[in-house]
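Student:
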Ligand code: GDP
Ligand code: MG
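Numbering (the numbering used here), first residue to last: -5 to 294.
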């Protein structure tokens, strides 16, 4: 690459406990619905790359799974993935909420940052919910916990990003353009579709179901004018299968229809979506399933 072609480019990781607004922030940065938003925690189980191209620069954002203390095997993988990411990026964005003082979840993440050399920005999100006066004491409290490179109050929901992009650009090295201009995400379409199905399950079923659910796209065929997708929803118990299918298949049909409509909008193509429910006891501890849904990547 010649000198004059050089731009500023780099990778930025977004971390924060569940529900602080990571996906909302990513969507605000991208201006498109790529990261899936839910008001239930931990919707984002995989890393999503979002790409923003300000003039003369390219920022690649990574939405890491909600990092918290490992509880079982799946969460351990998520935490390890997040920790490894820290050293591979140029800036780390730690999202916290303006509405409350640092909690156990925030403090745990800050502890994991202890030996990290990458600059960490503290983003105090949801400022639309608090009075301005509440911010200063919060900033002071957080400053005693960590030496943040920047502290930026913002509201991801209101798309009021408080100069975040400009602050990131200051920290990026000169580098290549990693992705073409028109590419918003490197996630394959199948991932977007499986996340949409999971989002509908979150919206339509009770608490217990989503956490024991994995969606695996088993077949995806692009034909002229239509994409045919077969997706399996894995659950852990027969009772959960019953709930997901619903009376006369009504629940599954509703999940499928809503996911299909969103997917068609997002991917700009007609979609035929067929859903199955499969019972697989202990899938959360099963490496093959975890690999299939992208929690473990090859070589780990
Ligand atoms: P994640 O789990 O960290 O990815 O959080 P989400 O992006 O899914 O957001 C969790 C909830 O917080 C959703 O209901 C969002 O609408 C809400 N939220 C996110 N950012 C803001 C904000 O700036 N202001 C307000 N009022 N709500 C927000
Ligand atoms: Mg999220």
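Every residue gets a Cβ at the ideal spot worked out from N, C-alpha and C, and that includes glycine.
Treat the numbers as computed from the prediction; the structure is a model and nothing was measured.
Using the Cβ count rule (16 or more neighbours within 10 Å means buried), how would you classify residue 18?
Tutor: It is buried - the Cβ of residue 18 has at least 16 other Cβ atoms within 10 Å.
Student: Would you mind sorting residue 154 into buried or exposed? The rule is 16 or more other CB atoms within 10 Å of its CB.
Tutor: It is exposed - the Cβ of residue 154 has fewer than 16 other Cβ atoms within 10 Å.
Student: How many whole angstroms separate the CB atoms of residue 272 and residue 226, which I take to be in contact at a CB cut-off of 8 Å?
Tutor: Confirmed, about 5 Å.
Student: Quick one: is the Cβ of residue 232 within less than 8 Å of any heavy atom of ligand 1?
Tutor: Residue 232: no, Cβ never under 8 Å from ligand 1.
Student: So residue 269 is in the beta strand (DSSP E); what residue range does that whole segment cover?
Tutor: Where residue 269 is concerned, the enclosing beta strand (DSSP E) stretches over 264 to 273.
Student: Going by other Cβ atoms of all chains shown within 10 Å of its Cβ, with 16 needed for buried, is residue 122 buried or exposed?
Tutor: It is exposed - the Cβ of residue 122 has fewer than 16 other Cβ atoms within 10 Å.
Student: List the DSSP bridge partners of residue 47.
Tutor: In DSSP, residue 47 forms no bridge with anything.
Student: The beta strand (DSSP E) that contains residue 4, what's its start and end?
Tutor: It spans 1 to 9 - the beta strand (DSSP E) in which residue 4 sits, taken as one unbroken run.
Student: So does the stretch -1 to 11 actually touch the stretch 130 to 142, counting three or more Cβ pairs closer than 8 Å?
Tutor: With the cut-off at 8 Å, the stretch -1 to 11 and the stretch 130 to 142 do not touch.
Student: From the DSSP output, read off the bridge partner residues of residue 214.
Tutor: DSSP, once it has assigned bridges, lists 223 as partnering residue 214.
Student: Output the residue ranges of the beta strand (DSSP E) runs that lie fully inside the stretch 111 to 172 and measure 3 residues or longer, sorted by chain position.
Tutor: Qualifying beta strand (DSSP E) stretches, in chain order: 114 to 119 and 144 to 147.
Student: Any contact of the stretch 164 to 171 with the stretch 232 to 247, i.e. 3+ C-beta pairs under 8 Å?
Tutor: No: fewer than three Cβ pairs fall under 8 Å.
Student: Looking at the strands, I want to know which residues DSSP matches up with residue 22.
Tutor: In the DSSP output, where bridge partners are listed per residue, residue 22 has none listed.
Student: Just mark residue 149 as buried or exposed, buried being the case when its beta carbon has 16 or more other beta carbons within 10 Å.
Tutor: With 16 or more Cβ atoms within 10 Å of its Cβ, residue 149 is classed as buried.
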